[in-house]
Amino acid sequence: MAGRFGKGLAGVLVLLGGLGLVPGVAEAQMPTRIGTCVSTTITRIGTRFSDTLVKPKGDGTGDGTSVDLKNGVYGISYAYIEPIGRSRVGDRVLTCLVALPTGCPKGDDRGKMYTTTNLRTLDSWTLPDSQHMCGGA
């Protein structure tokens, strides 16, 4: 679920937010309502198992992708995410909460979905905050 130059709301917010024209785009806090976005930076890029992202060879299967943001947002995928592969630690990003899990057991809030746009590359990706959704493994 990644796209060059952003898509839809995230793309518009990136362009305007990068210019400082979006009121309410906060700095370095986790978005808590669907549709809210914050400006932050990438603090770590890796796989599901290590702190080094490795592009898979051959059939494209590998160890997946994970990314940590300074504001506490974490994204993870079983797949290699090319836009994250083009990103660097320290890159400024705009991250937006786009979906919340429903029907979860009390205290299990895994499964929030975030769309993040790198303001240097203008690449975007949408990832959950957990390998398993609420109520799962």
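The sequence shown lines up with residues 4 to 140 when you count with the working numbering.
All C-beta atoms in this analysis are idealised placements derived from N, C-alpha and C, irrespective of residue type, glycine included.
Since the structure is predicted, the reported quantities are computational estimates derived from the model, not experimental observations.
Candidates GLY75, VAL96, THR35 and GLN134: which alpha carbon is nearest GLY114's?
GLN134
**Request:** Name the two residues that bound the continuous beta strand (DSSP E) containing GLY78.
**Result:** 77-80
*Beta-carbon separation of THR3 and VAL96 under 8 Å?*
As shown, the chain starts at 4 and ends at 140. That puts residue 3 outside it, with no answer to give.
Q) Could you check where the alpha helix (DSSP H) with ILE87 kicks off and where it finishes? A) Taken as a continuous stretch (DSSP letters only), the alpha helix (DSSP H) holding ILE87 covers 85-88.
Self-check item: Distance CB(SER80)-CB(ASN121) smaller than 8 Å
Solution: no
Worksheet item: Hey, would you say THR46 sits closer than 8 Å to LYS73, going by beta carbons?
Response: yes
Taking Cβ positions, are TYR117 and LEU100 nearer each other than 8 Å?
Taking the C-beta atoms as reference points, LEU100 is found nearer than 8 Å to TYR117.
Starting from MET116 and walking both ways along the beta strand (DSSP E), at which residues does that stretch end? 116-121
* To do: Have a look at GLU85, TYR83, ALA82 and THR50 and flag the residue whose alpha-carbon is nearest the alpha-carbon of ASP71.
  => THR50
* To do: Assuming ILE87 and THR105 form a contact by the criterion Cβ under 8 Å, report the distance between their Cβ atoms to the nearest whole angstrom.
  => Wrong, their Cβ atoms sit about 27 Å apart, outside the cutoff.
Q.
Taking DSSP's pairing of strands, which residues face ILE48 in a bridge?
A. Per DSSP, VAL70.
- Message: Could you compute how far the alpha carbon of GLY78 sits from the alpha carbon of GLY61?
- Response: 24 Å
Exercise. Cα separation between VAL17 and TYR83?
Worked result: The predicted position of VAL17 is uncertain, since its pLDDT is 46 and thus under 50; no value can be drawn from it.
| In this structure, does DSSP put LEU130 in helix, strand or coil? | strand
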